[in-house]
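The opening residue of the sequence shown carries number 1 in the UniProt record's numbering; numbering runs sequentially from there.
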Amino acid sequence: MLRKYFRTILLAWRQLIKQKTRLAVAVVGIAFANIMICTQIGFEASLFDSSTAPQRSLDTDLVMVSSHFKSVYSLKNFSRERLYQALGFKGVDSVSPLYMGYGKWRNPQTRRLLTILVFGTDPRTIAFKFPEVEQNRSQLQKLNTVLFDQGSLPEFGPIATLLQQQTIVETELNDINVRIAGLFTLGASFGAYGNVITSDSTFLHLFPNHHPQQIQIGLIKLQADAHPQQVAQSLGNDLPEDVMILTNESFAQAEKAYWAKTTPIGFVFGLGVIVSFIVGIVIVYQIIYADIADHLPQYAMLKAIGYSDRYLIVVLIQEALLLAVLGYIPGFIVSLGLYQLAATATMLPIFMTIERGFTVFVLTVTMCLISAFTTIRKLNSADPADVF
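Set out below in structure tokens:
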């Protein structure tokens with residue numbers, strides 16, 4: 001059995017290398033389709049990872065948001081009173097408001113103004129999982145003090161370098177002079193190119209038109225023996241309908257669904273994967289079809305001396321699998337380089353994972369097999385009578 005399989009794969013390999021130029025074109029075509037698929041999947045994954053990074057960085061069990069919630073980057077206000085009402089429910093241990101807003105950040109070197117996302121939190125509580133925030137809690141209690149996200153785009157200024165070179169680093173935020181007390185790492189996203197964390201008092205000073213009783217996110221921590229889903233359901237049933245309660249994971253999934261289904265960019269990335277897949281099918285189909293057309297007399301001869309259609313189909317499938325492997329390897333290598341370039345240029349979380357690499361390989365094999373099966377009809381047209 002293995003010997004027979006080896007003979008068929010050897011025949012498939014010899015057919016491929018007979019026309020080296022055609023083989024090279026096929027490999028380049030499949031690699032190109034692979035690069036397109038990898039790029040689209042990578043950008044789509046970075047969209048989801050970066051857009052849900054704020055939710056996953058929150059140190060909370062449940063989240064309270066407005067009932068009109070769509071995205072963390074376009075939050076609706078709700079009354080802070082709703083958050084404190086949650087303290088009367090069984091299983092709730094503590095609550096903390098979180099303010100969010102877009103401010104105007106001035107690059108301390110170029111003096112250029114850029115839009116930055118500002119988080120305002122009570123420094124007496126732990127709202128984020130960043131250890132740097134915990135280390136600088138005493139600093140945040142000082143008015144007009146912020147922590148800067150070193151994962152922000154470089155256009156915001158070399159803040160990390162300046163902090164190493166000098167003791168005090170200051171700039172302007174919403175035309176108010178602020179001191180940068182430290183760094184944390186959240187990262188840029190498609191919704192915000194930079195981030196800062198400050199105290200609730202500083203936030204309200206930076207945004208004087210923002211009413212203190214109007215908050216964007218409510219953080220709810222539960223007692224050790226409380227079940228998050230049960231408490232969330234209890235809060236959702238008894239609190240007024242102007243707010244809704246989510247677990248931290250469902251909060252992140254809602255954000256992901258928003259970018260995937262509502263925004264044009266999510267649709268474009270998904271469509272790009274489909275288009276790349278179809279392009280690959282067309283390329284491989286043309287290569288295999290041309291190869292069958294060139295070797296049709298030989299296939300007819302094999303049939304005449306007793307080889308079955310099944311045998312020839314196995315050869316065809318093995319040819320497609322060989323093309324898939326040959327095209328995947330260079331495509332994967334080039335994609336790694338493109339990921340690195342894109343991640344460096346955009347500061348977005350674009351990186352290759354084992355799961356993503358395997359997914360692209362499966363798509364490549366599927367693409368080549370579909371092409372092979374669509375050419376079987378041409379292979380079956382080889383007539384032994386044409387030999388005589």
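For every residue, glycine included, the Cβ atom is placed at its ideal position computed from N, Cα and C.
Legend entry - Terminal residues of the alpha helix (DSSP H) in which Tyr102 lies: Here residue 102 refers to the residue found at position 102 of the sequence shown. Careful: Tyr102 lies outside any alpha helix (DSSP H), inside the beta strand (DSSP E) at Val92 to Arg106.
Legend entry - Within 8 Å, strictly: CB atoms of Ile35 and Ile283: Translated into positions along the sequence shown, residue 35 becomes position 35. Translated into positions along the sequence shown, residue 283 becomes position 283. Their beta carbons are not under 8 Å apart, which means Ile35 does not touch Ile283 by this criterion.
Inset, instruction - Determine the closest residue to Gly91 out of Asp61, Gly101, Tyr102 and Lys76, with distance taken between C-alpha atoms. - result: Counting from one through the sequence shown, the residue named residue 91 turns up at place 91. Closest by alpha carbon: Asp61.
Legend entry - Whole-angstrom distance between Ile317 and Ala12, CA atom to CA atom: Translated into the one-based positions of the sequence shown, residue 12 becomes position 12. Translated into the one-based positions of the sequence shown, residue 317 becomes position 317. Rounded to whole angstroms, Ala12 to Ile317 spans 9 Å at the Cα level.
Inset, instruction - Would you identify the three-state DSSP class for Lys18, choosing helix, strand or coil? - result: Against the sequence shown, residue 18 aligns to sequence position 18. Helix.
Inset, instruction - Return the bridge partner residues of Ser79 from the DSSP annotation. - result: On the sequence shown, residue 79 is found 79 positions in, with the first residue counted as 1. Per DSSP, Gln214.
Inset, instruction - Could you check what DSSP says for Asn34 in three-state terms: helix, strand or coil? - result: Here residue 34 is taken as the residue at index 34 of the sequence shown, counted from 1. Here Asn34 sits in helix by DSSP.
Legend entry - Inter-residue spacing [alpha-carbon to alpha-carbon] between His210 and Tyr102: By one-based count along the sequence shown, residue 210 stands at place 210. By one-based count along the sequence shown, residue 102 stands at place 102. Straight-line Cα distance between these residues: approximately 12 Å.
Inset, instruction - Assign Met1 to one of three DSSP states: helix, strand, or coil. - result: Here residue 1 corresponds to residue number 1 of the sequence shown, with the count starting at 1. Note on Met1: pLDDT 47, under 50, position unreliable in the model; the coordinate value appears next. Residue state, collapsed to three classes: coil.
Inset, instruction - Identify whether Gly120 lies in helix, strand or coil by the three-state DSSP scheme. - result: For this step, residue 120 is matched to residue 120 along the sequence shown. Strand at Gly120.
Legend entry - Where Ser138 sits in the DSSP three-state scheme: Start at 1 with the first residue of the sequence shown, and residue 138 comes out as number 138. In the structure shown, Ser138 sits in a helix (DSSP, three-state: H, G or I).
Inset, instruction - Find out if the Cβ-Cβ distance for the pair Phe190, Ile265 is shorter than 8 Å. - result: Working through the sequence shown from its first residue, we reach residue 190 at position 190. Working through the sequence shown from its first residue, we reach residue 265 at position 265. Yes, the pair counts as a contact, with Cβ atoms nearer than the cut-off.
Legend entry - For Asp225, the three-state DSSP class (helix, strand or coil): Here residue 225 corresponds to residue number 225 of the sequence shown, with the count starting at 1. Here Asp225 sits in coil by DSSP.
Legend entry - Neighbour-count burial assignment, Phe130, 16 or more Cβ in a 10 Å radius: As a first step, residue 130 must be located in the sequence shown, where it is residue number 130. Label assigned to Phe130: buried.
Legend entry - Supposed contact pair Asn248 and residue 395 - C-beta distance, whole angstroms, cut 8 Å: Since the displayed the chain opens at 1 and closes at 388, residue 395 lies outside it and no answer follows.
Legend entry - Which listed residue (Ala304, Arg22 and Cys38) has its alpha carbon closest to that of Phe272: Position 272 of the sequence shown holds residue 272. The sequence given here has Gly at residue 272, not Phe. Residue Cys38 is the option with its Cα nearest to Gly272.
Inset, instruction - Leaving out five residues on either side along the sequence, give the residues of the same chain with a beta carbon under 8 Å from the beta carbon of Gln213. - result: Taking the first residue of the sequence shown as 1, we reach residue 213 at position 213. Excluding sequence neighbours, Gln213 sits near Ser79, Arg80 and Glu81.
Inset, instruction - Flag this pair as yes or no: are the beta carbons of Gln139 and Gly182 separated by less than 8 Å? - result: For the purposes of this step, residue 139 is identified with residue 139 of the sequence shown, where counting begins at 1. For the purposes of this step, residue 182 is identified with residue 182 of the sequence shown, where counting begins at 1. Taking 8 Å as the Cβ cut-off, Gln139 and Gly182 qualify as a contacting pair.
Inset, instruction - Taking the CB atoms as reference points, tell me whether Gly337 and Thr364 lie closer together than 8 Å. - result: Here residue 337 refers to the residue found at position 337 of the sequence shown. Here residue 364 refers to the residue found at position 364 of the sequence shown. No, the Cβ-Cβ distance between Gly337 and Thr364 is not below 8 Å.
Legend entry - Cβ-based neighbour list, Ala26, same chain, cut-off 6 Å, excluding 5 preceding and 5 following: As a first step, residue 26 is located in the sequence shown; it is residue number 26 there, counting from the start. Excluding sequence neighbours, Ala26 sits near Ile287 and Leu323.
Inset, instruction - Taking Gly272 as part of the alpha helix (DSSP H), name the residues at either end of that continuous run. - result: For this step, residue 272 is matched to residue 272 along the sequence shown. Gly272 -> alpha helix (DSSP H) spans Pro264 to Asp294.
Legend entry - Cβ-based neighbour list, Ile9, same chain, cut-off 6 Å, excluding 5 preceding and 5 following: What you label residue 9 is simply residue 9 of the sequence shown in a count that begins at 1. Only Gln318 meet the Cβ criterion.
Inset, instruction - Check Leu186 in the structure and name its three-state DSSP category. - result: Position 186 of the sequence shown, counting from 1, holds the residue named residue 186. Looking at Leu186 - three-state DSSP - the assignment turns out to be coil, as it is neither helix nor strand.
Inset, instruction - Flag this pair as yes or no: are the beta carbons of Ser152 and Asn107 separated by less than 8 Å? - result: Within the sequence shown, numbered from 1, the residue matching residue 152 stands at position 152. Within the sequence shown, numbered from 1, the residue matching residue 107 stands at position 107. Result no, Cβ atoms of Ser152 and Asn107 do not sit closer than 8 Å.
Legend entry - Burial state of Tyr193 (16 or more Cβ within 10 Å): By one-based count along the sequence shown, residue 193 stands at place 193. Burial call: buried.
Legend entry - CB contact flag (Gln216, Leu98, <8 Å): To locate residue 216, count along the sequence shown from 1; it is residue 216. To locate residue 98, count along the sequence shown from 1; it is residue 98. Contact: yes.
Legend entry - Alpha-carbon to alpha-carbon, Arg14 and Ile116: Start at 1 with the first residue of the sequence shown, and residue 116 comes out as number 116. Start at 1 with the first residue of the sequence shown, and residue 14 comes out as number 14. Rounded to the nearest whole angstrom, the CA to CA distance from Ile116 to Arg14 is 59 Å.
Inset, instruction - Within the same chain, show all residues whose beta-carbon is closer than 6 Å to that of Val334, passing over the 5 residues directly before and after it, in chain order. - result: On the sequence shown, residue 334 is found 334 positions in, with the first residue counted as 1. These residues qualify, in order along the chain: Ile35.
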